[in-house]
Structures are given as structure tokens and as C-alpha cells.
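Input: a single structure, listed below in C-alpha cells.
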Amino acid sequence: MTKEQVLLKMRSHTPFRQAVWKACMAIPAGQTRSYKWIAEQIGRPGAVRAVGSALGKNPFAPIVPCHRVIRSDGNPGGFSAPGGVKAKLKLLKKEKARLPGLLRQA
DNA sequence: CGTATGGCTCCTC
DNA sequence: CGAGGAGCCATAC
Numbered sequence: 004m005t006k007e008q009v010l011l012k013m014r015s016h017t018p019f020r021q022a023v024w025k026a027c028m029a030i031p032a033g034q035t036r037s038y039k040w041i042a043e044q045i046g047r048p049g050a051v052r053a054v055g056s057a058l059g060k061n062p063f064a065p066i067v068p069c070h071r072v073i074r075s076d077g078n079p080g081g082f083s084a085p086g087g088v089k090a091k092l093k094l095l096k097k098e099k100a101r102l103p104g105l106l107r108q109a
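When we follow the numbering used here, the leftmost residue of the first sequence carries the number 4, and every step to the right adds one.
Okay, here's the thing in C-alpha cells:
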């Protein structure tokens, strides 16, 4: 599954989701962004929760790095994908991403 | 088709 | 430090 394939399948979903997912893909590898950051990128600064919903329903788990999206506090937040927050942290550690004030274990 | 409820949140009191 | 409200989208009934 390539990014272009994902972009193509996105068209079957709502434009809002597309924007959210695209913004996620725009995050540099090994780095993290906040939900608010995504919301602002898509032009919906007040739709942080909607962004979370979109990411939670993200059908393109590995292609769209929704795990790079964390809270503004630096907390990992939540993760609906299999493995939960633990998997999220695992992926971030795998990418050598540094979280501001996150538990260094698990 | 319209209404009601939930969500990986954020900000202010 | 803790609790509550706000504003946005998608899904289910």
C-alpha cells in the first residue's frame, strides 16, 4: 500500500478526514505534532476533537502516522488502534521521537 | 431526513 | 491542582 493508493482511497471518505490524514502525513518522521497543530493546518482550529475522531477512525494505520500526533501537553493522549497508547509509544520510540514530558518507560 | 451522542482535545475558572 | 464548558465532525437510531 503506497501513499498514492491511500490518497486515492481517501476520496471515498469525507474531505475533512482527508485534510486531517494529509496533515498527519506531512509530519516529519521522528517528530511529533499536537492535535491542535493538525486542526490549524486543516483550517479548523476549533475542531481538535473532530481531528481526534478522524484519526481514531483512520483506516490507513501505518501510512498515516497518527501515532505522531500527541497532546499539546506532550502527553501521548489516547489511541484507538490495536495496542492502545502502548503501541503508540512503541512506534514513537522506534522512530526515536522525543516526547516533551512523557513517561520514559513502557 | 432529522436529531441525539461520543470522541486519540483544549482552554479558562 | 482540579473541574467544567466549548465547538466540530461522524455515526447511529
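Cβ atoms here follow ideal geometry from the backbone N, Cα and C, with glycine treated the same way.
Start-to-end residues for the alpha helix (DSSP H) that takes in residue i
{"i": "residue 18", "result": "18–28"}
{"i": "residue 41", "result": "38–44"}
{"i": "residue 13", "result": "6–13"}
{"i": "residue 56", "result": "51–59"}
{"i": "residue 88", "result": "87–97"}
Cutoff 6 Å; reference residue i; Cβ partners in own chain excluding five residues on either side
{"i": "residue 82", "result": "88 and 91"}
{"i": "residue 51", "result": "38, 39 and 42"}
{"i": "residue 57", "result": "20 and 23"}
Which residues DSSP lists as bridging residue i, in chain order
{"i": "residue 73", "result": "37"}
Beta-carbon separation (whole angstroms), residue i vs residue j, contact threshold 8 Å
{"i": "residue 45", "j": "residue 64", "result": "Not a contact, Cβ separation roughly 20 Å."}
Close-in-space but distant-in-sequence residues of the same chain around residue i (CB under 8 Å, 5 per side omitted)
{"i": "residue 70", "result": "82, 84, 90, 91, 94 and 95"}
Residues of its chain near residue i, where Cβ-Cβ distance is below 7 Å and the 5 sequence neighbours each way are ignored
{"i": "residue 73", "result": "35, 37, 79, 80 and 102"}
{"i": "residue 26", "result": "41, 44 and 45"}
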